[in-house]
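Notes to accompany the following structure.
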Amino acid sequence: MGARPLEALASAGAGDGGAAMNARNMGWTAAALGVLVHGHRELMAGLRRRPVPPTRRFEPPSVTVIRPIRGLDVEARANVRALLDLDYPGEWEVLFVFDSEDDPAFLPTREEVAAHPTRAKRVELVVAGEPPEGMTGKLNAMQVGVARSRCQLLAFSDSDTRPTPGVLTALVGALLEDAQTGATFAPIYAAADAPLAGDVGYGLLVNAWYGASVACTAEPDGALPFIMGQLMVFRREALTAIGGVGCAAGQLVDDMYLGRQLHTAGWKNRVIHAPLRVVTGHLELGAFLRIFRRWLLFSETGLPGTFARPLWVRGAVSWLSWGALTAAVARRAWGGAVLAALPIGFSAWSQLRLQRACHGPAVAPRHYWVPAVLPLLGAGVALSGRLSRQVDWRGRGYRLDAKARLGEAQPARASV
């Protein structure tokens, strides 16, 4: 029953050249589905291949957790409380670093620190001031935090994340398993409590595309040549070997660059199993597209070809399928349109499945169109990144050079 009804359907809309067109359509559909199915199976295998390691006891070194903050994130107070709720068994401290006390997140953070109990030995709010020329505000805050730190290990935590209590312990435990491990980081997933279309798109980008590819690219022990560091822990000696966090001056993306430098210097970066939530919400589609563009620009600065190539292949198959669907509809070749839609449907299903496998939330049926068009939107976003090298990030504008490094400084903007 499989082939004959499908052939009849295809030839019904093909007109006089039905046989040849039917063969082309069937061949294209089979090839596209083959590529997508192969990619999906590889990604799922990557997510399943690393068993969760047994918990090992270790003598906990002291840790400084540095959280740069600029602007008021979604559910910012809850994110602050989650960081204060870490249950790390050793001595630890938290430094919240701002550009100035006028930042809208400064007062809420100070109130939460004053009211919320914590096991941290020391919690401080630090003002870093404006970053120097050629340095992002985040990297400047990281440098200032390092200068104020007192502990053996250094951790950096993004302000839009909500760590579970045991994640810092898991990061430090993995760091101490191997003397050559210079940094560990947590795999992320994005989730919103009441998602809009933009939240769904961002979740799929982080979970189904980047998150699954991180798991697939990692070695059996989690080693990677880069870091995606929404929460990362470093040995001080590893950072010293590459010139400290300041070696990333001139870079738009500090974590990927630091990870690449560590890898070049002979240290290992390892992704652990404990997931970290990136908190989103109230994200309209237009705002998501700006974030999508920024992520694509970020990816130019440190992702190896083995990581990025499968993403582009999956995207290209979807783009070509949409092109075939559009052409078939324009010709009123409805059989060909149905065949072209099959890879699009499988791509959407694959993204939804990968999202769940990467700890992401279920997507409501009303948003099923988002994974279907996400690769199509990605083509436009990628083209935009080629046409303009201007990027807005956390209220500042940066002009990038051809290698996605910081170029000419731009005035501060009021964007997120």
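For the sequence shown, the working numbering begins at 822 and goes up steadily by one.
Beta carbons are placed, not taken as given, at the ideal position from N, Cα and C, and that holds for glycine.
Hey, out of 1084, 1028, 1098, 1182, whose CA is closest to residue 988's CA?
-> 1098
Anyone know if the C-beta pair for residue 1049 and residue 977 falls short of 8 Å?
-> no
With 16 as the cutoff for other CB atoms within 10 Å, does residue 1259 come out buried or exposed?
-> The structure shown does not extend to residue 1259, since the chain spans only 822 to 1237, so no value can be given for it.
Could you give the DSSP three-state label for residue 913: helix, strand or coil?
-> strand
What separation, rounded to the nearest whole angstrom, lies between the Cα atoms of residue 1142 and residue 1220?
-> 34 Å
Contact under 8 Å by Cβ, residue 1074 with residue 982 | no
Considering only residues of the same chain and omitting the five flanking positions on each side of residue 1224, which have a CB-CB separation below 6 Å?
-> none
Rounded to whole angstroms, what's the CA-CA distance from residue 948 to residue 876? Just pull it up for me.
-> 37 Å
Closer than 7 Å by C-beta to residue 1103: which residues in its own chain qualify, once you throw out the five before and the five after it? Chain order, please.
-> 895, 1017
Please go through the stretch 1050-1100 and give each complete alpha helix (DSSP H) segment of 4 or more residues, from N-terminal end onward.
-> 1057-1062, 1075-1085
Excluding the 5 residues preceding and the 5 following residue 938 in the sequence, name in chain order all residues of the same chain whose CB lies nearer than 8 Å to its CB.
-> 905
CA-to-CA distance, residue 1151 to residue 920, given in whole angstroms = 54 Å
Distance CB(residue 911)-CB(residue 883) smaller than 8 Å = yes
Classify residue 1219 as helix, strand or coil using the three-state DSSP reduction.
-> strand
Leaving aside the five residues before and after residue 962 along the sequence, list all residues of the same chain whose C-beta is less than 7 Å from its C-beta, in chain order.
-> 889, 918, 949
Relative to the alpha-carbon of residue 802, which residue among 952, 909, 1034, 934 has its alpha-carbon at the smallest distance?
-> Since the first residue shown for the chain is 822 and the last is 1237, residue 802 is missing from the structure and cannot be characterised.
How would you call residue 915, buried or exposed, if buried means at least 16 neighbouring beta carbons within 10 angstroms?
-> buried
Report the three-state DSSP secondary structure of residue 930 (helix, strand or coil).
-> helix
Return the chain-ordered list of same chain residues with a C-beta closer than 8 Å to the C-beta of residue 826, the five sequence neighbours on each side being excluded.
-> Only weak support is given to the placement of residue 826: the predicted model assigns it a pLDDT of 45, under 50, and the question is left unresolved by the model.
Neighbourhood of residue 992 by C-beta distance below 8 Å, restricted to the same chain and skipping five residues each side | 976, 1005, 1006, 1007, 1052, 1053, 1054, 1093, 1095
Taking Cβ positions, are residue 1265 and residue 1132 nearer each other than 8 Å?
-> No answer is possible for residue 1265: it lies beyond the span of the chain, which begins at 822 and ends at 1237.
Which stretch, first to last residue, makes up the beta strand (DSSP E) that contains residue 1003?
-> 1002-1006
Alpha carbon to alpha carbon, how far is residue 951 from residue 1167? Give it in angstroms, no decimals.
-> 48 Å
Residue closest to residue 990, alpha-carbon to alpha-carbon, out of 898, 907, 1156, 885 | 907
Does the distance from the CB of residue 974 to the CB of residue 1057 come in under 8 Å?
-> yes
For residue 880: DSSP bridge partner residues = None, per the DSSP bridge assignment.
When DSSP labels each residue in this structure, what does residue 924 get in the three-state scheme?
-> coil
Return yes when the Cβ of residue 891 is within less than 8 Å of the Cβ of residue 933, no when it is not.
-> no
Exposed unless 16 or more other CB atoms sit within 10 angstroms - verdict on residue 1041 = exposed
Between residue 869 and residue 1178, what straight-line distance do the alpha-carbon atoms span, to the nearest angstrom?
-> 9 Å
Per DSSP, cross-strand counterpart(s) of residue 977 | 887, 1053
What residue from 1215, 1077, 1064, 1190 has the CA that sits closest to residue 1108's CA?
-> 1215
Classify residue 965 as helix, strand or coil using the three-state DSSP reduction.
-> helix
First through last residue of the alpha helix (DSSP H) which encompasses residue 1023 | 1018-1025
Among the residues of its own chain, which have a CB less than 6 Å from the CB of residue 945, if the five just before and after it don't count?
-> 916
Would you please state the rounded distance, in angstroms, between the beta carbons of residue 1291 and residue 1021? I believe it to be under 8 Å.
-> Residue numbering for the chain in the displayed model covers 822 to 1237; residue 1291 lies beyond these limits and cannot be assessed.
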